[in-house]
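Q: Just so you know, we're using the numbering used here here: the sequence shown kicks off at 1 and counts up by one.
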Amino acid sequence: MAIERTFSIIKPDATARNLTGAVNAMIEKAGLRIVAQKRIRMSRAEAETFYAVHRERPFFGELVEFMISAPVVVQVLEGDNAVAKYREVMGATDPAKAEEGTIRKVHARSIGENTVHGSDAPETAVMEIAQFFSGNEIVG
Ligand code: CMP
């Protein structure tokens, strides 16, 4: 299987509860490698651009406010089938529907404060990674 990359965000609810290491341990235990990582304060413009696909959704404003409310950790994860694998490790968007043992089942508080983001497809991953990382910041 081809080595693939996906984009991940450890969200404000997780950084606020000091869970960066706990989330990273779950990522690494699943066999994904963290090949780039930085803790940032997302700007309003960055959050609006990142979630532009959801601009018309009723929760868009709340989503942007949440993402800029505290630091986030943006990451590039690498591994076999990384996009699908990370979606499995995260669990369903709504933690109430997430499988046992997934990041969201263990740590998320609600559908909004759901601890992590992961790309939904390889093409999306390429765009999301490029929004936050230059090539020389990714060390595989
Ligand atoms: P994420 O994977 O980052 O992509 C879009 C985000 O929108 C999603 O995770 C949720 O955090 C958020 N989201 C989806 N549905 C709702 C909702 N009904 N209310 C608030 N936020 C939501």
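Note that CB positions come from ideal geometry on N, CA and C, so glycine has one too. This one's a predicted model, so the numbers in the text were calculated from it and none came from an experiment.
Measuring straight from C-alpha to C-alpha, what distance separates residue 108 and residue 59?
A: Approximately 17 Å between the Cα atoms of the pair.
Q: Grab the span of the alpha helix (DSSP H) containing residue 5 for me, first residue to last.
A: Run containing residue 5: none in the alpha helix (DSSP H); it sits in the beta strand (DSSP E), 3-10.
Q: Quick check on the burial criterion: 16 or more other C-beta atoms within 10 angstroms. Buried or exposed for residue 6?
A: Label assigned to residue 6: buried.
Q: For the ligand CMP, I want to know if residue 61 counts as a neighbour, meaning its beta carbon is within less than 7 Å of at least one of the ligand's heavy atoms.
A: Checking every heavy atom of the ligand CMP against the Cβ of residue 61, none is found closer than 7 Å.
Q: For a quick check, are the C-beta atoms of residue 89 and residue 122 less than 8 Å apart?
A: For residue 89 and residue 122, no; Cβs fall outside 8 Å.
Q: Give a single yes or no on whether residue 117 has its beta carbon closer than 7 Å to a heavy atom of the ligand CMP.
A: Yes, the Cβ of residue 117 comes within 7 Å of a heavy atom of the ligand CMP.
Q: List the residues that DSSP assigns as beta-bridge partners of residue 106.
A: DSSP output for residue 106 lists no bridge partner at all.
Q: Whole angstroms is fine: what's the gap from residue 85's alpha carbon to residue 64's?
A: Approximately 26 Å between the Cα atoms of the pair.
Q: At a cut of 8 Å, does the segment 39-48 reach the segment 95-103 through at least three beta carbon pairs?
A: Judged by Cβ distances under 8 Å, the segment 39-48 makes no contact with the segment 95-103, as fewer than three pairs qualify.
Q: Using a Cβ-based criterion (distance less than 7 Å to any ligand heavy atom), does residue 111 qualify as near the ligand CMP?
A: The answer is yes for residue 111.
Q: Can you tell me where the alpha helix (DSSP H) with residue 29 in it begins and where it stops?
A: Here the alpha helix (DSSP H) through residue 29 covers 20-29.
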